[in-house]
Amino acid sequence: MSHHFIRFSNVYYSYPGGHEALRGVSFLITHGERVALLGRNGAGKSTLMLLTDEFLTASAGEVNIGDIPITKKTLPLVRQSVGLVFQNPDDQLFMPTVEEDVAFGPLNMQLPEMEVEQRIDAALKAVNAIDLRTRSPMQLSGGQKRRVAIATVLSMEPNILVLDEPTSNLDFGAHRDLITLLANFMHTQLIATHDLDMVRELCPRSIVLHEGKILADGPTSVLLEDCEVRLALGLMDEPPLMQQSTYLINLILTLTYWN
Ligand SMILES: Nc1ncnc2c1ncn2[C@@H]1O[C@H](COP(=O)(O)OP(=O)(O)OP(=O)(O)O)[C@@H](O)[C@H]1O
Ligand SMILES: [Mg+2]
Numbered sequence: 369m370s371h372h373f374i375r376f377s378n379v380y381y382s383y384p385g386g387h388e389a390l391r392g393v394s395f396l397i398t399h400g401e402r403v404a405l406l407g408r409n410g411a412g413k414s415t416l417m418l419l420t421d422e423f424l425t426a427s428a429g430e431v432n433i434g435d436i437p438i439t440k441k442t443l444p445l446v447r448q449s450v451g452l453v454f455q456n457p458d459d460q461l462f463m464p465t466v467e468e469d470v471a472f473g474p475l476n477m478q479l480p481e482m483e484v485e486q487r488i489d490a491a492l493k494a495v496n497a498i499d500l501r502t503r504s505p506m507q508l509s510g511g512q513k514r515r516v517a518i519a520t521v522l523s524m525e526p527n528i529l530v531l532d533e534p535t536s537n538l539d540f541g542a543h544r545d546l547i548t549l550l551a552n553f554m555h556t557q558l559i560a561t562h563d564l565d566m567v568r569e570l571c572p573r574s575i576v577l578h579e580g581k582i583l584a585d586g587p588t589s590v591l592l593e594d595c596e597v598r599l600a601l602g603l604m605d606e607p608p609l610m611q612q613s614t615y616l617i618n619l620i621l622t623l624t625y626w627n
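The numbering used here puts the first residue of the sequence shown at 369, with every later residue one more than the last.
Following this line, the structure appears as structure tokens:
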């Protein structure tokens, strides 16, 4: 795989019950970019992230990781390349101990035992979780689970990191450590988050999802000042002018109805 990019071309996704979570999403994230994925609850961020690693399959359109489309045949290669950290760490951790969870990816890659050991050490050190090595993931706190979930992905040394709300539950120190870790990760990153301080610090570019569609895609500093984006993210109330015009429209409709 020569380039570590993510390309979505007119991607749609409907859940089995029929809810259309993504409606014609297109973007390209190129090698080394660090991009924030923003949007209100239910906007479609997690759905989009699950499509990058083929945990979900697009209902229509195409997802490409590097220069290969995601298919059953290319899936193992794609999963080695894309490190996806789920929104809920309980979906990521399923082994009896932390070290077994962190070793799971490298063992699947059939790496030699010594290399697996080195990777476990490095990944747990990176998230400051060496002391949790022999603990049961099920018995960890929310923030500890989050750190271990990130380690299970780092141990695979991915070319692309896809992180779904990575800072939730982290204490101040762990939050700062994670920002430093991501700042030093030189490959492609897509980060879904409501943590705007982190976005401002880490992500020069943001993509804003609204009701399954891309509302905006551009420089973070510009987008976060844009009225339409701020409204869509719930960062501001409707401007008074809009409230007045909605009031007037409602008034006219009511009067027309009663006449
Ligand atoms: N398993 C599912 N079955 C049916 N609908 C789902 C399922 N998971 C999510 N949805 C719906 O799809 C839409 C997008 O959900 P998604 O989880 O992608 O949102 P999100 O942007 O990640 O939100 P949040 O900020 O709360 O994590 C929502 O309307 C949600 O209710
Ligand atoms: Mg989500």
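Built from N, CA and C at the ideal position, the CB exists for glycine as well.
Predicted model, so just to flag it, every value in this text is computed and none were measured.
Quiz prompt | Any non-hydrogen atom of ligand 2 closer than 7 angstroms to residue 532 Cβ | solution = One-based indexing of the sequence shown puts residue 532 at position 164. Flag set: Cβ of residue 532 near ligand 2.
Practice problem: Identify which residue in 585, 521, 436 and 565 has its Cα closest to the Cα of residue 472. | Solution: Taking the first residue of the sequence shown as 1, we reach residue 472 at position 104. The candidate whose alpha carbon is nearest that of residue 472 is 521.
Quiz prompt | One or two residues paired with residue 591 in a DSSP bridge | solution = Walking along the sequence shown from the start, residue 591 turns up at place 223. For residue 591, which the question treats as bridged, DSSP gives no partner whatsoever.
Practice problem: Per DSSP, which residues does residue 376 bridge with? Please list them. | Solution: Taking the first residue of the sequence shown as position 1, residue 376 is located at position 8. Answer by DSSP bridge pairing, in chain order: 395 and 431.
Quiz item: So, using beta-carbon positions, are residue 378 and residue 429 closer together than 8 angstroms?
Solution: Walking along the sequence shown from the start, residue 378 turns up at place 10. Walking along the sequence shown from the start, residue 429 turns up at place 61. In this structure, residue 429 lies closer than 8 angstroms to residue 378 by Cβ.
Quiz item: DSSP three-state call for residue 551: helix, strand or coil?
Solution: Taking the first residue of the sequence shown as 1, we reach residue 551 at position 183. In the structure shown, residue 551 sits in a helix (DSSP, three-state: H, G or I).
Self-check item: Of the listed residues 592, 465 and 569, nearest to residue 604 (C-alpha basis)
Solution: Taking the sequence shown and counting its residues from 1, one reaches residue 604 at position 236. It is 592 whose Cα lies nearest to the Cα of residue 604.
Quiz item: With 16 other CB atoms within 10 Å as the buried threshold, where does residue 506 fall?
Solution: By one-based count along the sequence shown, residue 506 stands at place 138. It is exposed - the Cβ of residue 506 has fewer than 16 other Cβ atoms within 10 Å.
Quiz item: Taking C-beta to C-beta, are residue 477 and residue 469 nearer than 8 angstroms?
Solution: Position 109 of the sequence shown, counted from the start, is the residue given in the question as residue 477. Position 101 of the sequence shown, counted from the start, is the residue given in the question as residue 469. Contact flag unset, no.
Exercise. Leaving aside the five residues before and after residue 511 along the sequence, list all residues of the same chain whose C-beta is less than 7 angstroms from its C-beta, in chain order.
Key: Working through the sequence shown from its first residue, we reach residue 511 at position 143. 537, 538, 539 and 542, listed in sequence order.
Quiz item: Just to confirm, does residue 389 get its C-beta within under 7 angstroms of one of the non-hydrogen atoms of ligand 1?
Solution: Against the sequence shown, residue 389 aligns to sequence position 21. Yes, since a heavy atom of ligand 1 falls inside the 7 angstroms radius drawn around the Cβ of residue 389.
Practice problem: Round the Cβ separation of residue 488 and residue 467 to the nearest angstrom and send it over; I've been treating them as touching at under 8 angstroms. | Solution: Position 120 of the sequence shown, counted from the first residue, corresponds to residue 488. Position 99 of the sequence shown, counted from the first residue, corresponds to residue 467. That pair is a contact at about 6 angstroms.
Practice problem: Please list, in chain order, all residues of the same chain as residue 442 whose beta carbon is under 7 angstroms from its beta carbon, the five residues on each side excluded. | Solution: Your numbering for residue 442 matches position 74 in the sequence shown. The answer, listed in chain order, is 436.
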